[in-house]
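Protein sequences appear in the order of chains A and B. In this text, residue positions in the first sequence follow this note's numbering: the first is 172, and each later residue adds one. In this text, residue positions in the second sequence follow this note's numbering: the first is 172, and each later residue adds one. Every residue gets a Cβ at the ideal spot worked out from N, C-alpha and C, and that includes glycine. In this text, all values refer to a predicted model and were calculated from it rather than measured experimentally. The structure appears right after this line, and notes come after that.
Protein chains: 2
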Amino acid sequence: MKTKDKIVLTSLELFNTNGERNVSTNHIAAHMGMSPGNLYYHFRNKSDIIYEIFKNYELLVDSYLHVPSDRPIHIHDLISYLDAVFNGLWAYRFIHRDLEHLLSSDERLRDDYRHFTLRCLEGIQRIILAMEKSAIYRPMAEQQRKSKALNTWLIVTNWMTYLKSIHVSENAEEALSRKSIQHGVYLVLDYVIPYLYEDKRELALELQEKYRFDGIAPKPELSKAS
Amino acid sequence: MKTKDKIVLTSLELFNTNGERNVSTNHIAAHMGMSPGNLYYHFRNKSDIIYEIFKNYELLVDSYLHVPSDRPIHIHDLISYLDAVFNGLWAYRFIHRDLEHLLSSDERLRDDYRHFTLRCLEGIQRIILAMEKSAIYRPMAEQQRKSKALNTWLIVTNWMTYLKSIHVSENAEEALSRKSIQHGVYLVLDYVIPYLYEDKRELALELQEKYRFDGIAPKPELSKAS
DNA sequence: ATCTTTTTAGAGTATATACTCTAAAAAGAT
DNA sequence: ATCTTTTTAGAGTATATACTCTAAAAAGAT
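Pasting the structure below:
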């Protein structure tokens with residue numbers, strides 16, 4: 172593997188575990204056992220590394236957010252979408268956690284991210300529409316479809332941040348178990364299910380159950396205020 | 172007003188407009204026309220300023236997230252909750268935007284925020300339950316109530332970040348108009364309405380309509396990928 | 001009027017960070 | 001075998017930032 176690719180991989184790993192803000196270019200170089208000078212031979216600056224990582228993420232998401240063209244869409248497709256989405260979210264979790272700062276320090280990323288978001292929202296709407304056509308979703312007005320897509324987006328992109336914020340320990344690795352990530356799928360399904368036709372609901376509820384994870388809120392301790 | 176309170180106010184203002192990360196203690200002092208030394212006379216460090224701001228926010232939210240004890244709950248109460256929530260969100264918007272970093276650099280804040288979140292989730296659940304009892308919401312299982320509360324929380328706390336991320340300009344002030352903030356109310360209502368009894372839906376839809384704002388996604392431009 | 005406490009200014013400092021520059025080593029081409 | 005290009009190490013730098021320290025001014029108490 173080329174040094175350049177290794178830098179991207181190492182950076183992603185460090186960003187994910189420590190947060191972009193806490194990982195300097197010196198850290199990345201040190202972690203790879205190379206000199207800072209060398210790192211800067213491969214990348215002009217830190218933003219370029221981040222940008223390249225984002226581009227990979229974009230590619231990943233764009234690759235799976237498609238309505239099947241050769242056959243009607245099925246409930247299982249919905250599950251695969253959600254699975255894929257939350258896996259991607261996990262693999263690039265630093266992006267949504269440090270989004271604010273990333274966007275404010277790189278105009279190019281900001282632009283791309285905006286388009287990426289709009290593209291995803293359109294994709295979700297197309298999926299909803301396809302579901303309506305296969306008699307899975309009840310038909311709805313365009314405005315409603317928009318709201319559904321947006322709410323779904325908000326839930327999905329905030330899931331990582333929520334999980335990190337709710338856990339006691341600073342150390343993300345133990346807190347953010349695979350299981351707790353998957354509970355995101357459960358939540359989105361909870362949002363989706365009321366709009367399904369009655370005959371599909373049972374299957375959906377069954378599938379949903381596999382994603383449930385109750386160990387999220389760590390302590391059932393009594394809260395201070397009412 | 173005491174200098175200490177002025178520091179808190181100025182900091183909140185600067186954090187909101189520029190993001191906590193981009194506002195140094197030197198900036199705050201300069202913006203107030205005072206010396207850094209003076210600022211550090213009033214606050215031991217930057218974290219203490221942030222902590223005090225958070226405590227104010229906590230107080231604000233805790234003050235309105237209550238089920239009325241003397242009368243049954245009404246749909247209008249729901250609207251007031253949402254109005255209050257989004258106003259609070261706006262007034263302290265830097266918190267949810269820079270949450271990740273704030274929590275990772277202050278253990279005390281981290282703990283308090285966790286409790287705050289759990290408290291809010293419980294509050295939302297209590298409101299849902301009260302709505303069920305006043306024959307507004309259809310009755311649901313506890314697990315479902317939990318999911319609803321959590322999804323609502325995710326939508327609400329991500330709304331600010333979404334708005335900032337989707338706008339072209341770096342300058343938040345023009346992008347984040349009062350109107351676009353309010354669209355968050357519209358979205359949450361969209362989530363809520365299907366669970367209402369039929370006879371309440373029309374009123375809810377009417378109330379919802381006032382919060383609609385279509386100018387969110389700035390350009391209807393064609394996206395690059397399908 | 002004098003003493004004490006609070007508040008302020010302003011210069012200064014340690015540290016981290018993103019990034020540069022130069023020279024040497026390694027790899028590749030013919 | 002020699003030349004050219006790519007890759008690397010390592011020392012160094014400018015800058016921002018959070019925070020400290022000291023001395024003086026202002027405010028308050030009696």
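Cβ neighbour criterion (16 or more within 10 Å) applied to residue i
i                      : result
residue 379 of chain A : buried
residue 269 of chain B : buried
residue 215 of chain A : exposed
residue 277 of chain B : buried
residue 302 of chain A : buried
residue 320 of chain A : buried
residue 172 of chain B : exposed
residue 174 of chain A : exposed
residue 209 of chain A : exposed
residue 313 of chain B : exposed
residue 336 of chain B : buried
residue 237 of chain B : exposed
residue 272 of chain B : buried
residue 275 of chain B : buried
Alpha-carbon spacing of residue i relative to residue j, whole angstroms
i                      : j                      : result
residue 338 of chain B : residue 221 of chain A : 20 Å
residue 306 of chain A : residue 243 of chain B : 39 Å
residue 257 of chain A : residue 361 of chain B : 24 Å
residue 398 of chain A : residue 230 of chain B : Past the edges of chain A, shown from 172 to 397, lies residue 398 of chain A, and the structure says nothing about it.
residue 264 of chain B : residue 371 of chain A : 40 Å
residue 194 of chain A : residue 211 of chain A : 15 Å
residue 315 of chain A : residue 376 of chain B : 12 Å
residue 198 of chain B : residue 334 of chain B : 26 Å
residue 247 of chain B : residue 383 of chain B : 17 Å
residue 183 of chain A : residue 196 of chain A : 12 Å
residue 217 of chain A : residue 296 of chain A : 35 Å
residue 386 of chain B : residue 259 of chain B : 22 Å
residue 181 of chain B : residue 369 of chain B : 48 Å
residue 255 of chain A : residue 331 of chain B : 26 Å
residue 395 of chain A : residue 340 of chain A : Low confidence applies here, because residue 395 of chain A scores a pLDDT of 42, under 50, leaving its location unreliable; read the following figure in that light. Answer to the nearest angstrom: the Cα atoms are 20 Å apart.
residue 192 of chain A : residue 327 of chain A : 22 Å
Bridge partner(s) assigned by DSSP for residue i
i                      : result
residue 308 of chain B : B:367
Listed by chain order, chain A residues near residue i by CB distance under 7 Å
i                      : result
residue 322 of chain B : 326, 358, 361, 362
residue 329 of chain B : 325, 328, 329
residue 332 of chain B : 270, 271
residue 288 of chain B : 336, 337
Within chain A, partners of residue i - CB distance below 8 Å
i                      : result
residue 335 of chain B : 271, 274
Chain-ordered neighbours of residue i on chain B, where CB pairs are closer than 9 Å
i                      : result
residue 365 of chain A : 365, 366
residue 190 of chain A : 271, 272, 275
residue 315 of chain A : 361
Interface residues of chain B facing residue i [CB-CB closer than 7 Å]
i                      : result
residue 263 of chain A : Those do not exist, as residue 263 of chain A stays about 14 Å from chain B at its closest Cβ, beyond 7 Å.
residue 318 of chain A : 358, 361
Interface partners of residue i on chain B, CB under 8 Å
i                      : result
residue 211 of chain A : Those do not exist, as residue 211 of chain A stays about 23 Å from chain B at its closest Cβ, beyond 8 Å.
Listed by chain order, chain A residues near residue i by CB distance under 9 Å
i                      : result
residue 125 of chain B : No answer is possible for residue 125 of chain B: it lies beyond the span of chain B, which begins at 172 and ends at 397.
Any non-hydrogen atom of the ligand MN within 8 Å of residue i CB
i                      : result
residue 202 of chain B : In terms of ligand content, the structure shown is empty, and the ligand MN therefore cannot be addressed.
Do the region 271-287 of chain B and the region 224-232 of chain B touch if we need at least three Cβ pairs shorter than 8 Å? yes
For the region 311-331 of chain B against the region 353-368 of chain A, do three or more pairs of beta-carbon atoms, one drawn from each stretch, fall closer than 8 Å, so that the two count as touching?
yes
If we count Cβ pairs, one from each stretch, closer than 8 Å, do we get three or more for the region 261-268 of chain B versus the region 181-190 of chain B?
yes
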